[in-house]
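Below is one structure, written out as structure tokens; the observations come after it.
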Amino acid sequence: MEKKYNNFFQQCLYKLNSIEKFFSVIAFSLLVMIIFSDVLSRELTGAGLYWATQTGVWANVLIVMAGFGLASSDGAHLRPRFADSWLPDKWSSSLETLEHSFMSLFCAAAFWLAINVVLETRRLGEVSIDLFLPIWPIQLFLPIALAIAAFRHAIFAYIPSLRPKVNNLNSQPDRNVFQ
Amino acid sequence: MTFAFPLFLALALLLMRQNLFVILASVTTYCYLTLASEPLQGIVLDSWSALNKEILLSIPLYILAGNIMSRGAIASRLIRFMRAITDPIPGGLAIAAVLSCAVFSAVTGSGTVALVAIGAVMYPALIKSGYSKSFSIGTLCAAGTLGVIIPPSIPLILYGVMTRTNIAELFIAGIGPGLLLTGLMVIYAISSNLNLRLSPWSAKEILVSFLEGIWALLMPLIILGGIYSGWFTPTESAAVAVIYAFIVETIIYRELKLTDLMDVIVKTSRLLGSLFPVLIIAFSLNMFLTYQQVPEALVDWMGQFISTPNAMLLITNILLIVIGCLMDIGSAILILAPILQPIAASHNIDAIHFGVIMVVNLEIGYLTPPLGLNLIVAMGVFREQFWDICRAVIPFVSLMLLGLAVITFYPPLSGLFLER
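Those protein sequence lines, which keep their order, are chains A and B.
For the record, in the first sequence the residue sitting at position 33 is 33 according to our numbering, with numbers rising by one throughout.
Quick note, our numbering runs 179 ahead of the 1-based positions in the second sequence.
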């Protein structure tokens, strides 16, 4: 029975991961093409695309939210590690459970705040100045990403075998973003 | 108690192995609840307004361009060209390693990738040519940090975003210090290896290797030339860099397949997914603190202890070197730049000069234990003990400290290429 549950949650995580990868590729391609088209248009016709910047920013929101899930999935979030050795090694397993449980609760609380903000934006009818389109559908990606993260970390907390495999050395090169 | 509690909270979360994003968000939540009694929705709204900024678009685009370029065989092409031009100089191979790392990290925007890509090829070659193991490791680790200051530099963009400083000017200000640090390492390579055998120059090899590597060598020129001439904004130059990298790798070098490109995009998104949440929460905390006039209060308080700009710079350098030992450069900039920059400004220290000082300081953190990123990566690349690598980088850390002193107390170096 337990194995059946594990397989089910493993499949869920796999599908979520695939969806996040799909969205990140689409949004990134869109972002590059929009900004490059803006430059081309300005150089060729003398006028840029007025909608390019705001659309690019929204594509970036989608990339970041999909990336947030991908980072959770691979255990690639930025984490200061200098205090890791302050507690005994034998507590590691419990600390990992605590880490994912807290993260799950935190994301659930953040989801609640974010969904209220989105509902408020929708109620007020806020629109983008450049695009004249409502903002709330794009804002909605925030609570969606947080809800998925809460779900994912809850699974990691209670099914240790599904946790991302992370070790200090392997996780470091991901931080090359800062160089 | 008001200020002690957030510190205890952060410490407790650190021990619970929480992500930086959670730690910062928890501290921000505490500040909202206790210092201002503001509704917590304000954090989400501030975060949204941070995420909804055009200026941030350059970050994903530069990282993507760098990841595309580092996927192919650019490293070997650059190494071949650098070896061809430095062969007849004493310490030529070491100079080639330094220059390859500098150019590679300028092209890809990543010094760690430079250390892995260049180090894997150059380390055996350096040992075979008679360079000592310690010198070879130290050279590659130190040269691998040059990408931190050589534009396009993500830490400089983060500093610009957090302190509202012009990113194009920060890029241009990074060129002088980048050249200085590269020059210091080249001089050290020559002076340490005067006794090694030299090879003659080969005009044919120089020409052939130049033609083979020209597309990679052009990338920094296009980015910086475009910004410097006013053709592109930093965001636009980043988009051009992505398209250029894509064309070079798929059509000219034919080393990138569509499936590879998907992998690169997913990897880049994952990096952004770990960086941006920290960035937007730091931005939100910064907006809150500014609204509460905390930076002004801090400036007044620090004014009691620091009376001159030089004292301010000295204390900043010491603080950042210590912080660089414990934190990664991005997190340190996101947290400290909005706090330190107003204090520096109150002592009439230029925001651009201060940004360059901050980034060079934290660059040294890549070579300092216990968490120096290049030291950790070098363990995997060179298969050596951690403390052997730490010993190997000592001369280079000293050189970089010398460079830092010059950069700090000689501001015209940062303004060398700035039109002001």
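Yeah, the Cβ is synthetic: ideal placement off N, Cα and C, and Gly gets one too.
Computed from a prediction, not measured in an experiment: that's the story for all the values here.
Of all C-beta pairs linking the segment 477-488 of chain B to the segment 240-249 of chain B, fewer than three are shorter than 8 Å, placing the two stretches out of contact.
If the five residues before and after Tyr423/B are omitted, its C-beta is found closer than 7 Å to the C-beta atoms of Met398, Ile401, all from its own chain and listed in chain order. Within the same chain, Pro134 come within 8 Å of Gly125/A by CB-CB distance, once the 5 residues on both sides are set aside. Under the three-pair Cβ rule at 8 Å, the segment 184-199 of chain B does not count as touching the segment 428-447 of chain B. Looking at the DSSP output, Pro399/B bridges to nothing. Where Ser486/B is concerned, there is no enclosing alpha helix (DSSP H), because DSSP gives it neither an H nor an E.
According to DSSP, residue pairing for Val127/A in a beta bridge involves Pro134/A. Taking a beta-carbon distance threshold of 8 Å, Pro80/A counts as an interface residue toward chain B. Burial state of Thr45/A is exposed, judged by a 10 Å Cβ sphere holding fewer than 16 other Cβ atoms.
Chain B places no beta carbon closer than 8 Å to that of Gly125/A, leaving this residue out of the contacts. Setting aside the 5 residues that flank it on each side, Ile512/B is surrounded in the same chain by Pro334, Leu337, Tyr338, each with a C-beta closer than 6 Å to its C-beta; the list follows chain order. A Cβ of chain B is located within less than 8 Å of the beta carbon of Leu95/A. Leu349/B is a Cβ neighbour of Ile531/B, given a cutoff of 8 Å.
At a cut-off of 8 Å between beta-carbon atoms, Phe151/A makes no contact with chain B.
For Thr55/A, the enclosing alpha helix (DSSP H) stretches over residues 52-73. Fewer than three beta-carbon pairs drawn from the segment 357-367 of chain B and the segment 436-455 of chain B are found closer than 8 Å, and the two stretches are therefore not classed as touching. Restricting attention to Ala66/A, Ala71/A, Ser37/A, His153/A, the CA atom closest to the CA of Thr55/A is found in Ser37/A. Distance from the CA atom of Glu217/B to the CA atom of Leu31/A, rounded to whole angstroms, is 35 Å. Beyond the five residues adjoining it in sequence on each side, Ser371/B comes within less than 7 Å, by CB distance, of Gly270, Phe314 in the same chain, given in chain order. For Asn6/A, the nearest beta carbon of chain B is not closer than 8 Å to its own beta carbon. For Ser378/B, the CB contacts under 7 Å within the same chain, skipping 5 residues up- and downstream, are Asp266, Pro267 in chain order. The Cβ of Trp566/B sits no closer than 8 Å to any Cβ of chain A.
Think of a sphere of 9 Å around the beta carbon of Trp86/A: the chain B residues whose beta carbon falls inside it are Leu193, Leu194, in chain order. Here DSSP, grouped into helix, strand and coil, assigns Pro303/B to helix. In the DSSP assignment, Ala154/A falls within the alpha helix (DSSP H) that extends over 141-158. Listed by position along chain B, the residues whose Cβ is nearer than 7 Å to that of Asp74/A are Arg449. Here the C-alpha atom of Val61/A lies approximately 19 Å from the C-alpha atom of Val421/B.
When only Cα atoms are considered, Leu450/B and Ser73/A end up about 12 Å apart. Ala71/A and Ala154/A have their alpha carbons spaced roughly 15 Å apart.
Straight through space, the alpha carbons of Ile543/B and Ala254/B are spaced by roughly 23 Å. When DSSP states are grouped into helix, strand and coil, Ile329/B belongs to the coil group. For the pair Phe111/A and Leu146/A, the CB atoms are nearer than the 8 Å cut-off. For the 8 Å CB-CB criterion, Tyr211/B and Phe467/B form a contact. The C-beta of Phe411/B comes closer than 8 Å to at least one C-beta of chain A. Our two residues, Thr342/B and Phe575/B, have alpha carbons roughly 30 Å apart in a direct line.
DSSP, read as helix, strand or coil, puts His77/A in coil.
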